[in-house]
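Heads up: the sequence shown runs through residues 12 to 498, numbered per the numbering used here.
All residues carry an ideal CB built from backbone N, CA and C; glycine is no exception.
Predicted model only: the values in this text are computed from it and were never measured.
What follows is a short report on a single structure.
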Amino acid sequence: MNKRLSVLMAVTIVLWAVIYFWPEPTPETDGQSGTTVWFASGQFAGATRVAVASSDFSYELVKVETGWVVLLEDVDEPFLADLAKVEALLTYLETSKPERRLGEKGEQDLAQYGLDNPQAVFTIEADQTWTISLGGENPSGSGLYGMSTIDRGQCLLFDTRIAEIAAREARYYYDLLVSNVAPEQVGRVRISWDNGGQGWEAARTDDDGYAFTWPEELVEHEASSAEMDLFIHELVTMEAVSFLARDTLSEHPDAVPFATAAIWVSDSDEPESEIEVYTNGSEETPYYARSTRHAQFFTLPADAAEKLIRPAFHLRERGVVDLDLSVVARQRLMQGQDGNELVVAKTDLGWQDERSGEDVAGMDMLLWRITDLKFEAEPASALPAEAEQMLSWELFSLEDESVVGLAFFLDPGLPEDQCWIQVQGEDKFYPVSDQLLEDLQGQLLPPEADTIEESDAPAFPSDEVEAGDTVDSKPDGGMEHDTVQEP
Numbered sequence: 012m013n014k015r016l017s018v019l020m021a022v023t024i025v026l027w028a029v030i031y032f033w034p035e036p037t038p039e040t041d042g043q044s045g046t047t048v049w050f051a052s053g054q055f056a057g058a059t060r061v062a063v064a065s066s067d068f069s070y071e072l073v074k075v076e077t078g079w080v081v082l083l084e085d086v087d088e089p090f091l092a093d094l095a096k097v098e099a100l101l102t103y104l105e106t107s108k109p110e111r112r113l114g115e116k117g118e119q120d121l122a123q124y125g126l127d128n129p130q131a132v133f134t135i136e137a138d139q140t141w142t143i144s145l146g147g148e149n150p151s152g153s154g155l156y157g158m159s160t161i162d163r164g165q166c167l168l169f170d171t172r173i174a175e176i177a178a179r180e181a182r183y184y185y186d187l188l189v190s191n192v193a194p195e196q197v198g199r200v201r202i203s204w205d206n207g208g209q210g211w212e213a214a215r216t217d218d219d220g221y222a223f224t225w226p227e228e229l230v231e232h233e234a235s236s237a238e239m240d241l242f243i244h245e246l247v248t249m250e251a252v253s254f255l256a257r258d259t260l261s262e263h264p265d266a267v268p269f270a271t272a273a274i275w276v277s278d279s280d281e282p283e284s285e286i287e288v289y290t291n292g293s294e295e296t297p298y299y300a301r302s303t304r305h306a307q308f309f310t311l312p313a314d315a316a317e318k319l320i321r322p323a324f325h326l327r328e329r330g331v332v333d334l335d336l337s338v339v340a341r342q343r344l345m346q347g348q349d350g351n352e353l354v355v356a357k358t359d360l361g362w363q364d365e366r367s368g369e370d371v372a373g374m375d376m377l378l379w380r381i382t383d384l385k386f387e388a389e390p391a392s393a394l395p396a397e398a399e400q401m402l403s404w405e406l407f408s409l410e411d412e413s414v415v416g417l418a419f420f421l422d423p424g425l426p427e428d429q430c431w432i433q434v435q436g437e438d439k440f441y442p443v444s445d446q447l448l449e450d451l452q453g454q455l456l457p458p459e460a461d462t463i464e465e466s467d468a469p470a471f472p473s474d475e476v477e478a479g480d481t482v483d484s485k486p487d488g489g490m491e492h493d494t495v496q497e498p
């Protein structure tokens, strides 16, 4: 019985192998080395054209003086092509050596391999014109039959990866970058709004920072190098979502101008790149745009387009405290002016409560956040009458000299997520996020002090608020004058 079973299993295995490999003849060799003839390394380096044709689409990648473009039969204007993607395609085709060489096939045999009507054909113009034709899959699905003029007449078996390459439509090769200027090349940028907002212009300085150059009221303010670098990077690396017809505006009369960005390279008199953005009221594609880089209109992601109207206020240097954290050796927090007090000193292991000797966690992170504070609207010269002091925080050096003192105030006139902060010795009050104040209350003061008593005392003895003082307290860079009333 066991012997019969063994024989039956052996016959089954043989039959399965015959069926599995039946459509593929025994691979043949070229009679010399037994290896498939294929393109030499660098043979496509001088390529000037790649045509891709299938039953569903066809297009050409053509080399021009400025790079590569994509040509479509029914479109007059060429599309810019992504150089890296074109080079990757040429490299792949040059190195996609077939896995097997199945021998010469006559015209009558091509249908068996799907090569009588190829599903895709690559045509490459380099030192001469070459073609790679792709047919059907082998029975196991592990390969794709094909032929090439480099090994004329031979039926070849390619890895299935080549089918994925052939399935890429023309839009895969589009260069979607809106601008042709690299971030490090930008010497000047101007943003103009068509919706009534205030535009601005900034230029790169000799120390690789930035300075506002327009309008006049912005010139006196310092630009934030970090914020400007980020803005410029986002601007020049912005990508289109899809391309539209050249006459998009005539087809969409509801599109109205939204914003314009002009970008100069260093020392140039004329903008190297300009981007015009239009809005059309559509929820799906709310922004159309065109630029000096592309002949066609294109759509932009909503978040990318809206970055163009970022107010200059948000690009200013808005830091509140310039502090060397390494010199801080002792800290004192006080509720209101005369409330609960917490004093901590720095040790080798961290921070320690001077009274209880207990470790206090999170102090280094809170110190770091002082340097990250930014004012959210123009500073005020005085506090409104409704503002009430909630917390004071003073930092000392190892010699017990005051490094900086901060006072926090709540004001019902501010947005609910903001508070005022005053730096000791300054006559300005900055509207900032109240998150640091909340964390100080929650982490550094006793649990019973989480809800802090209000105090009418001034932040610092020399900083009394006089009745009749005016306050500039409108958020987002505007100015609104309030008068502190007599109590």
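- Item | Bounding residues of the alpha helix (DSSP H) (the contiguous stretch that carries residue 173) | Sequence index remark: in the sequence shown, residue 173 carries index 162 (1-based). Per DSSP, residue 173 belongs to the alpha helix (DSSP H) from 172 to 177.
- Taking 8 Å as the cut-off, decide whether the C-beta atoms of residue 72 and residue 92 are in contact. For the purposes of this step, residue 72 is taken as residue 61 along the sequence shown, with counting starting at 1. For the purposes of this step, residue 92 is taken as residue 81 along the sequence shown, with counting starting at 1. Yes, they are a contact pair.
- Message: Bridge partners for residue 268 per DSSP, in chain order?
- Response: On the sequence shown, position 257 is the one that residue 268 refers to. Per DSSP, 289.
- Task: Would you tell me roughly how many angstroms separate the C-alpha atoms of residue 153 and residue 170, rounded to the nearest one?
- Result: Position 142 of the sequence shown, counted from the start, is the residue given in the question as residue 153. Position 159 of the sequence shown, counted from the start, is the residue given in the question as residue 170. Computed Cα separation, rounded: 7 Å.
- Can you grab the Cα-Cα spacing for the pair residue 378 / residue 386, in whole Å? Residue numbering aside, residue 378 sits at position 367 when the sequence shown is read from its first letter. Residue numbering aside, residue 386 sits at position 375 when the sequence shown is read from its first letter. C-alpha separation (whole angstroms): 17 Å.
- With distances taken between CB atoms, is the gap from residue 253 to residue 310 smaller than 8 Å? Start at 1 with the first residue of the sequence shown, and residue 253 comes out as number 242. Start at 1 with the first residue of the sequence shown, and residue 310 comes out as number 299. Yes, they are a contact pair.
- Helix, strand or coil for residue 330, going by three-state DSSP, please let me know. The residue you call residue 330 lines up with position 319 of the sequence shown. Correct three-state label for residue 330: strand.
- Message: Classify residue 56: buried if its beta carbon has 16 or more other beta carbons within 10 angstroms, exposed otherwise.
- Response: Translated into the one-based positions of the sequence shown, residue 56 becomes position 45. That one is exposed.
- Query: According to DSSP, what are the bridge partners of residue 415?
  - Reply: If you number the sequence shown from 1, residue 415 lands on position 404. 406.
- Can you have a look at residue 138 and say buried or exposed, based on whether 16 or more other CB atoms are within 10 angstroms of its CB? Mapped onto the sequence shown, residue 138 falls at position 127. Flag for residue 138 reads exposed.
- Query: Who are the Cβ neighbours of residue 297 in its own chain at under 7 Å, not counting the five residues just before and after it?
  - Reply: Numbered from 1 along the sequence shown, position 286 holds the residue referred to as residue 297. Excluding sequence neighbours, residue 297 sits near 290, 291, 313.
- Message: I'd like the span of the alpha helix (DSSP H) that includes residue 49, first residue to last.
- Response: Indexing the sequence shown from 1 puts residue 49 at position 38. From DSSP, residue 49 is part of no alpha helix (DSSP H); its letter is neither H nor E.
- Message: Going by beta-carbon coordinates alone, are residue 406 and residue 415 separated by less than 8 Å?
- Response: The residue you call residue 406 lines up with position 395 of the sequence shown. The residue you call residue 415 lines up with position 404 of the sequence shown. Contact: yes.
- Message: I'd like to confirm the pairing. Which residues does DSSP put opposite residue 354 in its beta bridges?
- Response: Here residue 354 corresponds to residue number 343 of the sequence shown, with the count starting at 1. Per DSSP, 343.
- Message: Can you give me the C-alpha to C-alpha distance between residue 250 and residue 187, rounded to a whole angstrom?
- Response: To locate residue 250, count along the sequence shown from 1; it is residue 239. To locate residue 187, count along the sequence shown from 1; it is residue 176. So the two alpha carbons sit approximately 5 Å from each other.
- Task: Please report the Cβ distance between residue 422 and residue 390, rounded to the nearest whole angstrom; I am assuming they are in contact, meaning their Cβ atoms lie under 8 Å.
- Result: Numbered from 1 along the sequence shown, position 411 holds the residue referred to as residue 422. Numbered from 1 along the sequence shown, position 379 holds the residue referred to as residue 390. Wrong, their Cβ atoms sit about 13 Å apart, outside the cutoff.
- Message: So if DSSP puts residue 274 in a beta bridge, which residue, or which two residues, is it bridged to?
- Response: What you label residue 274 is simply residue 263 of the sequence shown in a count that begins at 1. According to DSSP, residue 274 bridges with 200, 284.
- Task: Measure the beta-carbon distance from residue 344 to residue 384 and round it to whole angstroms, keeping in mind my assumption that it falls under 8 Å.
- Result: As a first step, residue 344 must be located in the sequence shown, where it is residue number 333. As a first step, residue 384 must be located in the sequence shown, where it is residue number 373. With a Cβ gap of about 16 Å, residue 344 and residue 384 do not count as contacting.
- Task: Kindly indicate which residue of 223, 382, 62, 166 has the alpha-carbon position closest to the one of residue 116.
- Result: In the sequence shown, residue 116 corresponds to position 105, counting from 1. Of 223, 382, 62, 166, the residue nearest in Cα terms is 166.
- So is residue 429 buried or exposed if we call it buried at 16+ other beta carbons inside 10 Å? Here residue 429 refers to the residue found at position 418 when the sequence shown is read from its first residue. Looking at its Cβ environment, which holds 16 or more other Cβ atoms inside 10 Å, residue 429 is buried.
- Give me the Cα-Cα distance between residue 156 and residue 62, rounded to the nearest whole angstrom. For the purposes of this step, residue 156 is taken as residue 145 along the sequence shown, with counting starting at 1. For the purposes of this step, residue 62 is taken as residue 51 along the sequence shown, with counting starting at 1. For residue 156 and residue 62, the distance between alpha carbons rounds to 20 Å.
- State whether the segment 130 to 147 contacts the segment 191 to 204, with contact taken as three or more CB pairs (one from each stretch) at a distance under 8 Å. no
- Message: Taking its Cβ as the centre, do 16 or more other Cβ atoms sit within 10 Å of residue 81, making it buried, or is it exposed?
- Response: What you label residue 81 is simply residue 70 of the sequence shown in a count that begins at 1. Buried is the call here.
- residue 249 by DSSP, collapsed to three states: which one? On the sequence shown, position 238 is the one that residue 249 refers to. Coil at residue 249, not helix or strand.
- Message: In whole angstroms, give me the CA-to-CA distance for residue 288 and residue 444.
- Response: Indexing the sequence shown from 1 puts residue 288 at position 277. Indexing the sequence shown from 1 puts residue 444 at position 433. One C-alpha to the other measures close to 33 Å.
- If I'm right that residue 230 touches residue 192 with Cβ under 8 Å, what's the distance once you round it to whole angstroms? Residue 230 sits at position 219 when you count from the first residue of the sequence shown. Residue 192 sits at position 181 when you count from the first residue of the sequence shown. About 24 Å; that fails the 8 Å criterion.
- Message: Between 125, 321, 68, which has its C-alpha nearest residue 241's C-alpha?
- Response: Numbered from 1 along the sequence shown, position 230 holds the residue referred to as residue 241. It is 321 whose Cα lies nearest to the Cα of residue 241.
- Message: Could you tell me the alpha carbon to alpha carbon distance between residue 199 and residue 300, rounded to whole angstroms?
- Response: Counting from one through the sequence shown, the residue named residue 199 turns up at place 188. Counting from one through the sequence shown, the residue named residue 300 turns up at place 289. So the alpha carbons of these two residues sit roughly 21 Å apart.
- How many angstroms separate the CA atom of residue 83 from the CA atom of residue 69? Locating residue 83 in the sequence shown gives position 72, counting from the first residue. Locating residue 69 in the sequence shown gives position 58, counting from the first residue. Cα-Cα distance, rounded: 7 Å.
- Query: At what residue ranges does the segment 87 to 119 contain a whole run of the beta strand (DSSP E), taking only runs of 3 or more?
  - Reply: 111 to 115
- Message: As a quick exercise: from 419, 356, 358, pick the residue whose alpha carbon is nearest that of residue 381.
- Response: Taking the first residue of the sequence shown as 1, we reach residue 381 at position 370. Among 419, 356, 358, the Cα nearest to that of residue 381 belongs to 419.
- Task: Locate the alpha helix (DSSP H) running through residue 136, then write down its first and last residues.
- Result: Position 125 of the sequence shown, counting from 1, holds the residue named residue 136. First-last for residue 136: 131 to 136, but that is the beta strand (DSSP E), not the alpha helix (DSSP H).
- Query: Based on the DSSP secondary-structure assignment, which residues constitute the bridge partners of residue 302?
  - Reply: Here residue 302 is taken as the residue at index 291 of the sequence shown, counted from 1. 286.
- Grab the span of the beta strand (DSSP E) containing residue 59 for me, first residue to last. Reading the sequence shown from its first residue, position 48 is the one you call residue 59. Unbroken run through residue 59: none, as it is neither H nor E.
- Local Cβ density within 10 Å of residue 47, reported as buried at 16 or more and exposed below that: Counting from one through the sequence shown, the residue named residue 47 turns up at place 36. Residue 47 comes out buried.
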